[in-house]
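Numbering (full-length UniProt numbering), first residue to last: 1 to 118.
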């Protein structure tokens with residue numbers, strides 16, 4: 001699996017774990033996985049097996065669609081392009097952009113979580 005997709009998968013697992021108020025150790029204990037497996041999967045360093053993903057999905061109460069959406073995660077190239085644009089702004093405008101992006105991201109994630117729980 002490409003590194004970008006592994007990182008995306010890991011970030012989704014981490015977010016679900018945190019929503020469930022679990023530490024990595026508690027998630028490992030509940031799933032019967034090694035703590036190292038949980039850590040490496042969340043970091044996108046490990047290509048998880050079907051068994052590992054199945055245990056995580058069941059324990060975290062998420063669907064496979066959460067980990068494998070039909071939309072692809074944003075590419076590193078697009079992120080780098082956005083970073084270059086922000087860096088080309090003066091300090092005041094950088095702060096405005098970062099605050100705006102953070103606000104929008106928080107709103108969208110909150111809405112997404114609300115829709116996912118329905």
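C-beta: ideal position from N, C-alpha, C; glycine also.
With a 10 Å radius around the Cβ and a threshold of 16 neighbouring Cβ atoms, residue 12 comes out buried.
Separation of the CB atoms of residue 57 and residue 64 is rounded to 6 Å, and the pair is thereby assigned contact status at 8 Å.
Here DSSP, grouped into helix, strand and coil, assigns residue 48 to coil. 40 is the residue among 113, 18, 26, 40 whose C-alpha sits nearest the C-alpha of residue 7. Between residue 10 and residue 36, the gap from beta carbon to beta carbon reaches 8 Å or more.
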